[in-house]
Amino acid sequence: MESEIAGWFSVVLRFVHVIAAIMWIGNSILFTWMELNLIAPAPSKPDKDGNIPENPLLGHLDMLHGGGVFHLEKRTIDPKAIPVPLHWFMWQSYTTWITGALLMVSVFYIHGGSALMDGTKSSLTGFFPIALSVGGIIGGWLVYDTVWRTKLKEHKPFAVPLSLALILAAAWFYNQYFNGRAVYIQIGVMMGSFMTANVFVHIIGNQKKFMASLLAGKPHDMKYGKQAKLRSMHNHYLTFPVLFLMLGGHFPQLTSAERNIPILGVLIVSLVAVKFLMNSRYYFRHWLPAIFGTFAAACGLIALLLAIPTKASAARANLDPAVAAGAKLFLSQGCAACHQAGASRIAPNLQGLLGSKRVFTDGSGLIADEAYIRRSIREPVADIVTGYPLAMPPYAHLPEEQIDALVAYIRSLK
Ligand code: HEC
């Protein structure tokens, strides 16, 4: 009963997280689109003393939707006429982060963070895995925020590659300890947390400051908006990579690939580049071919990173072609998403399975032989290992030689 209720709450949490994220990212994309499409007002004419009066209008825009035209103006606020109601946008972001943090705790941080770890890479125990993950989120924010508070922010051609390089260095670091799925999630969570912290500290923080100065009767000061806008743009460019990394758990062929970190690098850089090119359409004539070019180059590069054998995979292939084929299928069929090397939180650790004693939920048991492994893959419902839910999909549709290869691979896991 308890586990059914816990399972139901995890569904609710995931759904709220996804809906809030869609609302937040949808806003980010729409607001940036509006910003890029604003039509600037005609320059103001000098008055009789030769002074150019300040124009409160920053731009306007007409949008067809819902059977009418939204005529939208962006303007500075007159402290004597602060609009009511004035809508603020922050709860989509905060809801996304809060539900994301709860998910992180319920999926990865329970049981001392064992779901983060890869026993074949390292054996951190106690609270170390959780401390490593939380430390990266807080420490990463301090580093990122410092870089973009200093003069470096004036030198984007340097600061942007530096920020991306720091993210990749973090990914490399986590890959020394965490399993592939957890590495992708950790980097996604770090970037997603930077985004919410940007909203909380810089965007809403500055909006509160300038609203306070307006309420004190001072004229609208654009300096507050500048810092907020820079962080808004960061958030905007992070949306595509963060979405991809959050879905990483569904792509074990990438997260658990031997070159998972270079692949992560190509994904982040190309997704930021695609968003940038989408925004460049108003001044860059070849934006569309450039997007297709970036897309094709990234796909090709990732295919190469997956296909070119590494030292480890070449050594495996020398041993036994069936084992090597099985190892590939184990990734491409999604087995590795649940059966993670060295971990047994989501699904049993398959190392040393052959010849070991298995106990099932109906109280029966047996010594695992090849026939058992084969049956477990084709019809998981036949014997459900104690301590696990019936979560594994049946793979009876796989051709016989693929099942043979998977069995050979599982046999080889000592
Ligand atoms: C959605 C998660 C999931 C996926 C994907 C998955 N499994 Fe499983 N697997 C489980 C769980 C949970 C169990 C334990 C419960 C059971 O026996 O059904 C299990 C059990 C097994 C067992 C028996 C292990 C034991 O300890 O006796 C084998 C063998 C196995 N899976 C192989 C595979 C292979 C091969 C693939 C890919 C073709 C795969 N699994 C895909 C979740 C998964």
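Numbers in the numbering used here are just positions in the sequence shown, counted from 1, shifted up by 5.
Virtual Cβ for every residue (Gly too), placed ideally from N, Cα, C.
Near the ligand HEC: residue i beta-carbon under 7 Å from a heavy atom
| i | result |
| --- | --- |
| F335 | yes |
Exposed unless 16 or more other CB atoms sit within 10 angstroms - verdict on residue i
| i | result |
| --- | --- |
| Y287 | exposed |
| I87 | exposed |
| P424 | No answer is possible for residue 424: it lies beyond the span of the chain, which begins at 6 and ends at 419. |
| G357 | exposed |
| S128 | exposed |
| G305 | exposed |
| V3 | No statement about residue 3 is possible, as the shown extent of the chain runs from 6 to 419 and does not include it. |
| H344 | buried |
Close-in-space but distant-in-sequence residues of the same chain around residue i (CB under 7 Å, 5 per side omitted)
| i | result |
| --- | --- |
| F365 | D388, I389, V390 and T391 |
| Y99 | T201 |
| M195 | G141, I142, G145 and A175 |
| W177 | I266 |
| M216 | none |
| R19 | L108 |
| L421 | Nothing can be reported for residue 421: it is not among the residues displayed for the chain, which extend from 6 to 419. |
Spatial neighbours of residue i in its chain, beta-carbon cut-off 8 Å, leaving aside the 5 residues before and after
| i | result |
| --- | --- |
| A262 | G185, I268, L310, L311 and L336 |
| T449 | This structure cannot speak to residue 449, because the chain is shown only from 6 to 419. |
| V271 | A303, L306, I307 and L310 |
| S318 | E263, A329 and A332 |
| V188 | A176, Y179, N180, T260, N265, I266 and L269 |
Interface flag, residue i vs chain D, CB-CB below 8 Å
| i | result |
| --- | --- |
| D52 | Absent from the structure: chain D. Only one protein chain is present. |
Same chain, Cβ closer than 6 Å to residue i, neighbours up to 5 away in sequence not counted
| i | result |
| --- | --- |
| L418 | L355 and Q356 |
| N42 | L66 |
| P314 | none |
| I44 | G64 and H65 |
Considering only heavy atoms of the ligand HEC and the C-beta of each residue, which residues fall inside 5 Å, strictly closer?
Q338, G339, C340, C343, A352, P353, R363, I378, S381, I382, P385, I389, V390, Y393, A396, M397, Y400 and L411
Does the segment 305-323 come close enough to the segment 278-287 to have 3 or more Cβ pairs within less than 8 Å?
no
Does the segment 44-61 come within contact of the segment 115-135, defined as at least 3 CB pairs closer than 8 Å?
no
Segment contact flag, the segment 21-30 with the segment 102-115, C-beta cutoff 8 Å, min 3 pairs:
yes
Check whether the segment 106-119 and the segment 228-239 touch, using three or more Cβ-Cβ pairs below 8 Å as the test.
no
Are the segment 313-332 and the segment 236-247 in contact at 8 Å, needing three or more beta carbon pairs?
no
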